[in-house]
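Okay, structure first, notes after.
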Amino acid sequence: MNKIEKIFGTKKSVFGMIHLAPLPGSPRYAGNMVPVLERALRDAEALHNAGVDALIVENFNDDPFFAETVDPETVAAMTLASQAVGAATHLPLGINVLRNSWRAAIGIAAVVGAKFIRINILTDALVTDQGIIQGCAAQLVRQRKMLGADDVMIFADVESKHAAPLVARPRAVVAGDMVERGGADGIIVSGLTSADPPNVAHIKELRGALPETPLIIGSGMSLQTVEFLKYADATVFGFGAKPNLKAPVDKEMAMRFMDAVRKLREQIS
Numbered sequence: 042m043n044k045i046e047k048i049f050g051t052k053k054s055v056f057g058m059i060h061l062a063p064l065p066g067s068p069r070y071a072g073n074m075v076p077v078l079e080r081a082l083r084d085a086e087a088l089h090n091a092g093v094d095a096l097i098v099e100n101f102n103d104d105p106f107f108a109e110t111v112d113p114e115t116v117a118a119m120t121l122a123s124q125a126v127g128a129a130t131h132l133p134l135g136i137n138v139l140r141n142s143w144r145a146a147i148g149i150a151a152v153v154g155a156k157f158i159r160i161n162i163l164t165d166a167l168v169t170d171q172g173i174i175q176g177c178a179a180q181l182v183r184q185r186k187m188l189g190a191d192d193v194m195i196f197a198d199v200e201s202k203h204a205a206p207l208v209a210r211p212r213a214v215v216a217g218d219m220v221e222r223g224g225a226d227g228i229i230v231s232g233l234t235s236a237d238p239p240n241v242a243h244i245k246e247l248r249g250a251l252p253e254t255p256l257i258i259g260s261g262m263s264l265q266t267v268e269f270l271k272y273a274d275a276t277v278f279g280f281g282a283k284p285n286l287k288a289p290v291d292k293e294m295a296m297r298f299m300d301a302v303r304k305l306r307e308q309i310s
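Its first residue numbered 42, the sequence shown is counted upward by one per residue in this note's numbering.
Okay, here's the thing in structure tokens:
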């Protein structure tokens, strides 16, 4: 039994996305947190009822994003939303603060008792739509230790969405460095955008290079791509749970996907 199975209680775990509505401090915030929380709770309920194994709370609609920091009101709002979602569902939580706000993510996770954080750029340097973002491993791992949050796992993107490496290195080497030198507890493989699944060959390559490290699919998962989960330990599930990425979770879409996941688990058990 690997680390993912021990923590989330099942093979081929599914992490449902809570794409928060625009938060205080972002350009499209509507001026009232009540509807933000109401939508988050509705999405959480739909995903919970479908049978996901954990939830990731993310400031998905706060674009344009800061590269590495967020304002205090954003941190406060995400903490409030994470607490509400956790209390309503009792599911394990993950935190992702876009674009690469590692300090906010580990701080929120420590306060709300989240099981993991997603870090888009843990090592290396990537060119993004926010400019060049450098890895944060040294600072993040030390901050986690200072907060007494060593039980919060770091799941790191090997090749982040909406980004390209400043200097290309072999994918398996980057992933190995993230684990051995960057402190990653698991690695995430994604496509070019949130709607794009990763290349199956890339999933298999990383599985072969790091067979004992939790491997998570980070984008593009839907009913049409559920078979990709055969080659990974877990998947993020956001794109395939709604008619478009700005929409609320669709209960039926979420249920159909999770039904397919349950069939896949039966096939490999």
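Glycine included, each C-beta is placed from N, C-alpha and C at the ideal position.
Query, Result
"Pick out the complete beta strand (DSSP E) segments inside the stretch 179-247, 3 residues or longer, and give them in chain order.", "194-198, 204-206, 227-230"
"So, for G172: in the same chain, excluding its five sequence neighbours on each side, which residues have a beta-carbon less than 7 Å away from its beta-carbon?", "A108"
"Taking 8 Å as the threshold, find out whether the stretch 264-283 comes into contact with the stretch 50-67 through three or more Cβ pairs.", "yes"
"Just to confirm my understanding: we take V168, look at its own chain, exclude 5 residues before and 5 after, and list those with CB closer than 7 Å. What are they?", "A204, A205, L207"
"Quick one, are the C-beta atoms of I136 and R159 less than 9 Å apart?", "yes"
"Can you look up T115 in the DSSP assignment and give me helix, strand or coil?", "helix"
"Identify every residue that forms a DSSP beta bridge with M58.", "I97"
"Assuming E246 and R212 are in contact, meaning their beta carbons sit under 8 Å apart, how far apart are those beta carbons, in whole angstroms?", "6 Å"
"By the DSSP assignment, the alpha helix (DSSP H) with L82 in it spans what residues?", "74-91"
"Quick one: what's got a C-beta closer than 7 Å to A84's C-beta in the same chain, skipping five residues either side?", "Here residue 84 turns out to be Asp, not Ala, going by the sequence shown. Around D84: I59, P289, V290."
"Ignore the nearest five residues each way along the sequence and tell me which others in R306's own chain have a CB closer than 8 Å to its CB.", "T51, K52, K53"
"Considering only DSSP beta bridges, list what G281 is partnered with.", "Answer is none; G281 lacks a bridge partner."
"Determine whether the beta carbon atoms of G259 and I229 lie at a separation below 9 Å.", "yes"
"Hey, quick one: how far does the alpha helix (DSSP H) through V153 stretch, first residue to last?", "143-153"
"According to DSSP, is R69 part of a helix, a strand, or is it coil?", "coil"
"What's the call for M187, buried or exposed, on a 16-neighbour Cβ count within 10 Å?", "exposed"
"So if DSSP puts G135 in a beta bridge, which residue, or which two residues, is it bridged to?", "I97, F157"
"Among the residues of its own chain, which have a CB less than 8 Å from the CB of L82, if the five just before and after it don't count?", "A125, V126, A129"
"Alpha carbon to alpha carbon, how far is T115 from V138?", "9 Å"
"Assign T254 to one of two classes, buried (16 or more other C-beta atoms within 10 Å of its C-beta) or exposed (fewer than that).", "buried"
"Span of the alpha helix (DSSP H) holding Q171?", "No alpha helix (DSSP H) contains Q171, which DSSP labels as neither H nor E."
"Per DSSP, what are the beta-bridge partners of L256 in this structure?", "I228"
"Between the Cα of R183 and those of L270, F196, W143, spot the shortest distance and give me the residue it belongs to.", "W143"
"Check each candidate in I195, R69, R185, G176 and name the one with the smallest Cα separation from K44.", "I195"
"If you measure between the beta carbons of V267 and V302, is that distance less than 9 Å?", "yes"
"Got a sec, what are the start and stop residues for the alpha helix (DSSP H) R303 sits in?", "292-309"
"Nearest-angstrom Cα distance between G72 and D198?", "33 Å"
"Can you tell me which of the three DSSP states T130 falls into?", "helix"
"Tell me whether A275 sits in a helix, a strand or coil according to DSSP, three-state version.", "strand"
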